[in-house]
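Trainee: Structure below; questions to follow.
Residue numbers (our numbering): 11 to 66.
If you want it as structure tokens, here you go:
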């Protein structure tokens, strides 16, 4: 994953000569990854109000 991002950055910078746009893309991609990880996690017991977690 990291290697593909690094290759994409190098290609983007050589084509456009701007690093700022790519940094904004990386930040938004990292936020997206963090949100996807949060969706995949099981909820905590506090959030369930004592009900057991049932995976569907």
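Just so you know, even glycine gets a beta-carbon here, dropped at the ideal spot from N, CA and C.
How big is the Cα-Cα spacing for residue 22 and residue 39?
Mentor: Position 12 of the chain shown, counted from the first residue, corresponds to residue 22. Position 29 of the chain shown, counted from the first residue, corresponds to residue 39. Going by the C-alpha atoms only, they are around 15 Å apart.
Trainee: So, residue 15 versus residue 36, is the Cβ gap smaller than 8 Å?
Mentor: As a first step, residue 15 is located in the chain shown; it is residue number 5 there, counting from the start. As a first step, residue 36 is located in the chain shown; it is residue number 26 there, counting from the start. Their beta carbons are under 8 Å apart, which means residue 15 touches residue 36 by this criterion.
Trainee: Between the beta-carbon of residue 32 and the beta-carbon of residue 19, is there less than 8 Å?
Mentor: The residue you call residue 32 lines up with position 22 of the chain shown. The residue you call residue 19 lines up with position 9 of the chain shown. Less than 8 Å separates the beta-carbon of residue 32 from that of residue 19.
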